[in-house]
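>
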DNA sequence: TCGGGTGATGTAACTAGTTACAGACCAAGT
DNA sequence: ACTTGGTCTGTAACTAGTTACATCACCCGA
């Protein structure tokens, strides 16, 4: 068999040769077609079509110094809140002509640093982080490369990177106040793993000094519907005088809701259940879920916008705290 | 004020100058450090640290001809099934040292083609598509650039790109057969927008010739919990002799479940409810949801693997159909 | 002392684009 | 007739890396 002719991709020079023009002219046809005479342009375009030529992204990037890629480091895509945020980020970045590379970290700081390095190797021009707990390796990487980085899902005006987040502390407070206003005093607090998650820690911090004789008992469980459901037995055993359950995330609240129904406990007559986040289905469940709305989509859009402006115009964004909103639905009611 | 010295990024030549070696040596320190003498290497490393040097991804890519980036075109991240699949894709691609750029299409073929172009401009080496409905523009783009492309969420061995999917037709059939086996004859089928979604069309196609006196009535609604809930009034009005509700997605099944509970209809005593997908919460809800499991994570992993091998070793994958599994839970029961 | 092998390093060409500058050409103005 | 200006195109340098090949020092054995 004859040795296969290496069928590598056509480049600018190939097109120039076929069209019988210089590389500069081909480049002009691609970038500023109006300055090229029509018949020349048509000849070049014919050559481009003939060869199936597509300019190399890398070669363009090397000249412009721009890749137009933004990297996002998020704990996981399995959780609605990150998926929602990311969806908003992606579509807003697209408005600025920027693409989004996603890397998941499983809430593991070392993995995050490793993936951040990969993102920078890919050439991202900006980085979106979640929360404020990161490894020194990541910090020094960001410092060395001077890549613009912003933090989402958390607000702290003094943090080393601009934070575009919501008020986790205030949201938890809002939820507890609501239960308190309804007369509830014996409250079970169900929350995800605090050790690895600064958003959860911040929410818990809001609950440390309950007023008016409110007593809080804490239950840490997996961050999922199953986690919320699994912990209910423990809650019901430990707290016979239970007024309300405050779940620091909606997914766990759904788990709690289901598990309570399964045990014949009526919500909200026997016990009120409160979530935190306002998932799309919170308005639909039966009973519908009282919760505090975290503006995930809005945050995603704003984060994307802010980073885009930083990358494009070197305009570093100010930290922003988006407001949370108490959403009262059927799952909470006044204590009888 | 003195004109600011342009503080541009340090490059290989800068490092070479500071370390008093040639560019080749610096390159060797970066890529094959063992061939460089220790003291030279240390000098270079010191220079790298001093300048905060980071090699340019674009320049590397231009030489290797590789970007190590894969692009995924998915309808939306708001839907769990895509978020789950994407999470699996991302983590599996990472095993191969590949990064993932995400672009959402909102199930719009023109938008998909536009975003595909952007992905190729970014330099993706491979493309992951969802379903088999795409614009001609996308097809010709893929043909011109000869970029490896695979399809997920759909199986069709004869399709122009390899499909790594599950059997939508078989899954729907499995669900209907289950209801039939339980003695149900009057069945409401709730499904998402068929016009724009080939997965849904394929599921519907499985239901065209029901046997044994089974009567199906169709209700198209939004692909969401709210959509599933909103259509229930219509279902209950139109079908007074209702045995079962078959929802062609779990999210809609949850909506149906909630709406039925809200109206005092007992599931499964009064009516059986069947989902399709097996979301993580399907096992937790009350009643827990009978459904057909679509192996979203497995599919994501396999798709990532297959595309990675195609990109790395030029080994085009074979179409693969992953099995769906009937999951019988509490929401379906024998007709009384 | 010479040839050969090895190891470390440098030179320069190469990747695929963009672009500053130069030059050719043609028409209009002086 | 000669300059001027504008349009179009080409040459070559430039971006930031990698790498084939050349070079040189050094050591060993003949």
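Residue numbers (this note's numbering), protein chains in the order written: chain Z, 10 to 345; chain V, 10 to 345. C-beta atoms are modelled at their ideal positions from N, C-alpha and C, and glycine is treated no differently.
1. Below 7 Å on C-beta distance, what does residue 294 of chain Z contact in chain V?
2. Here's a check: name, in chain order, each residue in its chain whose Cβ is nearer than 7 Å to the Cβ of residue 31 of chain Z, leaving out the five neighbours to either side.
3. For residue 178 of chain Z, which residues in the same chain have their Cβ closer than 8 Å to its Cβ, ignoring the five residues on either side in sequence?
4. Report yes or no: do the segment 322-342 of chain Z and the segment 40-49 of chain Z share at least 3 C-beta pairs separated by less than 8 Å?
5. Contact between the segment 128-137 of chain Z and the segment 73-85 of chain Z: three or more CB pairs below 8 Å?
6. Does any CB atom of chain Z fall closer than 8 Å to the CB of residue 61 of chain V?
7. On the premise that residue 238 of chain Z lies in contact with residue 265 of chain Z, defined as a C-beta separation below 8 Å, what is that separation, rounded to the nearest angstrom?
8. What residues of chain V sit near residue 261 of chain Z, judged by a beta carbon separation below 9 Å?
9. Can you give the Cα-Cα distance for residue 254 of chain Z and residue 280 of chain Z, rounded to whole angstroms?
10. Select from the segment 287-318 of chain Z all residues with a C-beta closer than 8 Å to any C-beta belonging to chain V, and list them in chain order.
11. Does the structure place the segment 100-110 of chain V close enough to the segment 162-180 of chain V that three or more beta carbon pairs sit under 8 Å?
12. So, under 8 Å CB-CB, residue 141 of chain V and residue 160 of chain V are touching, yes? Tell me the CB distance rounded to an integer number of Å.
13. Listed in chain order, which residues of the segment 109-136 of chain Z have Cβ atoms closer than 8 Å to some Cβ of chain V?
14. At the level of alpha carbons, what is the spacing between residue 275 of chain V and residue 275 of chain Z?
15. When the cut-off is 8 Å and only beta carbons count, does residue 274 of chain Z lie next to chain V?
16. Could you compute how far the alpha carbon of residue 43 of chain Z sits from the alpha carbon of residue 51 of chain Z?
17. Taking CB distances under 8 Å as the criterion, tell me whether residue 11 of chain V reaches chain Z.
18. For residue 270 of chain Z, return the contacting residues in chain V, with the cut-off set at a CB-CB distance below 7 Å.
19. Out of V:35, V:27, V:23, V:90, state which residue places its alpha-carbon closest to the alpha-carbon of residue 304 of chain V.
20. What residues match up with residue 254 of chain Z in a beta bridge as DSSP calls it?
21. From Z:18, Z:98, Z:64, pick the residue whose C-alpha is nearest to that of residue 314 of chain Z; which is it?
22. Which of the three DSSP states is assigned to residue 237 of chain Z in this structure?
23. Please name the residues in the segment 207-234 of chain Z whose beta-carbon is closer than 8 Å to at least one beta-carbon of chain V, in chain order.
24. Mark residue 247 of chain Z as exposed unless 16 or more other C-beta atoms lie within 10 angstroms of its C-beta, in which case mark it buried.
25. Mind listing, in chain order, the continuous beta strand (DSSP E) runs of no fewer than 3 residues lying wholly within the segment 135-211 of chain Z?
26. Looking at the strands, I want to know which residues DSSP matches up with residue 78 of chain Z.
27. Is any beta-carbon of chain V found at less than 8 Å from that of residue 27 of chain Z?
28. Find the nearest neighbour of residue 294 of chain Z within the set V:22, V:299, V:278, V:270, judged by alpha-carbon distance.
29. Look at the Cβ atom of residue 86 of chain V, then the Cβ atom of residue 92 of chain Z, and state whether they are nearer than 8 Å.
30. Looking at chain V, is there any beta carbon in it that lies within less than 8 Å of the beta carbon of residue 264 of chain Z?
31. Of all the CB atoms in chain Z, is at least one closer than 8 Å to the CB of residue 238 of chain V?
32. Rounded to the nearest angstrom, how far is the Cβ of residue 137 of chain Z from that of residue 312 of chain Z, given a contact under 8 Å?
33. Could you tell me if residue 345 of chain V is buried or exposed, where buried requires 16 or more neighbouring beta carbons within 10 angstroms of its beta carbon?
34. Rounded to a whole number of angstroms, what is the C-alpha to C-alpha distance between residue 341 of chain V and residue 277 of chain Z?
Taking the structure as given:
1. Near residue 294 of chain Z (Cβ distances below 7 Å), the residues of chain V are 267.
2. Counting only Cβ-Cβ distances below 7 Å, and skipping sequence neighbours, we find 25.
3. Result list for residue 178 of chain Z: 211, 212, 214, 215, in chain order.
4. Here the segment 322-342 of chain Z does not lie against the segment 40-49 of chain Z, with fewer than 3 beta-carbon pairs under 8 Å apart.
5. With the rule of 3 Cβ pairs closer than 8 Å, the segment 128-137 of chain Z counts as touching the segment 73-85 of chain Z.
6. So, interface residue.
7. The C-beta distance from residue 265 of chain Z to residue 238 of chain Z rounds to 7 Å, short enough to fall under 8 Å.
8. Within 9 Å Cβ-Cβ: nothing; residue 261 of chain Z doesn't reach chain V, min ~11 Å.
9. When rounded, the separation of the alpha-carbon atoms in residue 254 of chain Z and residue 280 of chain Z is 7 Å.
10. Here the close residues are 289, 290, 292, 293, 294, 295.
11. For the pair of segments examined, the segment 162-180 of chain V was found not to touch the segment 100-110 of chain V: the number of CB pairs separated by less than 8 Å stays below three.
12. In this structure residue 141 of chain V is in contact with residue 160 of chain V, their Cβ atoms being roughly 6 Å apart against a cut-off of 8 Å.
13. Shown in chain order are the members of the segment 109-136 of chain Z whose Cβ falls below 8 Å from a Cβ of chain V: 109, 110, 111, 112, 113, 124, 127, 128, 129, 130, 131, 132.
14. The alpha-carbon atoms of residue 275 of chain V and residue 275 of chain Z are separated by roughly 16 Å.
15. No - not a single Cβ of chain V is within 8 Å of the one on residue 274 of chain Z.
16. Spanning the two alpha carbons is a distance of roughly 12 Å.
17. Because residue 11 of chain V carries a pLDDT of 32, less than 50, the predicted location of this residue cannot be relied on, and no value is offered for it.
18. Simply 295.
19. Checked all of V:35, V:27, V:23, V:90; the closest Cα to residue 304 of chain V is V:90.
20. Partner residues in the beta bridge of residue 254 of chain Z, as assigned by DSSP, are Z:197, Z:282.
21. The closest CA to that of residue 314 of chain Z, considering only Z:18, Z:98, Z:64, is found on Z:98.
22. Three-state DSSP puts residue 237 of chain Z in a helix.
23. Here the close residues are 233, 234.
24. Residue 247 of chain Z should be labelled exposed.
25. DSSP runs (the beta strand (DSSP E)) wholly in the segment 135-211 of chain Z: 135-139, 158-161, 172-175, 195-200.
26. BP columns for residue 78 of chain Z point to Z:108.
27. No, no contact with chain V.
28. Residue V:270 is the option with its Cα nearest to residue 294 of chain Z.
29. Their beta carbons are under 8 Å apart, which means residue 86 of chain V touches residue 92 of chain Z by this criterion.
30. At least one beta carbon of chain V lies nearer than 8 Å to the beta carbon of residue 264 of chain Z.
31. So yes, residue 238 of chain V belongs to the interface.
32. Contact between residue 137 of chain Z and residue 312 of chain Z is confirmed by a C-beta separation of about 6 Å, below the 8 Å threshold.
33. Of the residues assessed, residue 345 of chain V falls on the exposed side of the cut-off, its CB having fewer than 16 other CB atoms within 10 angstroms.
34. Straight through space, the alpha carbons of residue 277 of chain Z and residue 341 of chain V are spaced by roughly 27 Å.
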